[in-house]
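Worksheet for the structure shown next.
Residue numbers (the working numbering): -16 to 64.
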């Protein structure tokens, strides 16, 4: 899957699952500081990513994610095997 496809799906999930404004979402957007996503919201997003992309994201890796771009990178890494 192309990175641009993952980015588009990520934005879609952030809008659908967390009710965020798509215009505010960028690769360098930080979940907590810029998008005001609390820890529960991050967990919801991770579950949606796992469901939509068919990947497993261990807690240790999830805890390292601070930006949208980092989440996209992680999903791409998982998909590329």
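Glycine is no exception: its CB is placed at the ideal position from the N, C-alpha and C atoms. The model shown is predicted, which means the values in this text are computed figures rather than measured ones.
Outcome for residue i when other beta-carbon atoms lying within 10 angstroms are tallied against a minimum of 16
i          : result
residue 16 : exposed
residue -7 : buried
residue 20 : buried
residue -1 : exposed
residue 48 : buried
residue -9 : exposed
Alpha carbon of residue i to alpha carbon of residue j, nearest angstrom
i         : j          : result
residue 4 : residue 18 : 9 Å
Residues sharing a beta bridge with residue i, DSSP
i          : result
residue 66 : Past the boundaries of the shown model lies residue 66; the chain is included only from -16 to 64, so the question cannot be answered.
residue 13 : 50
Coil, strand or helix - residue i by DSSP
i          : result
residue 30 : helix
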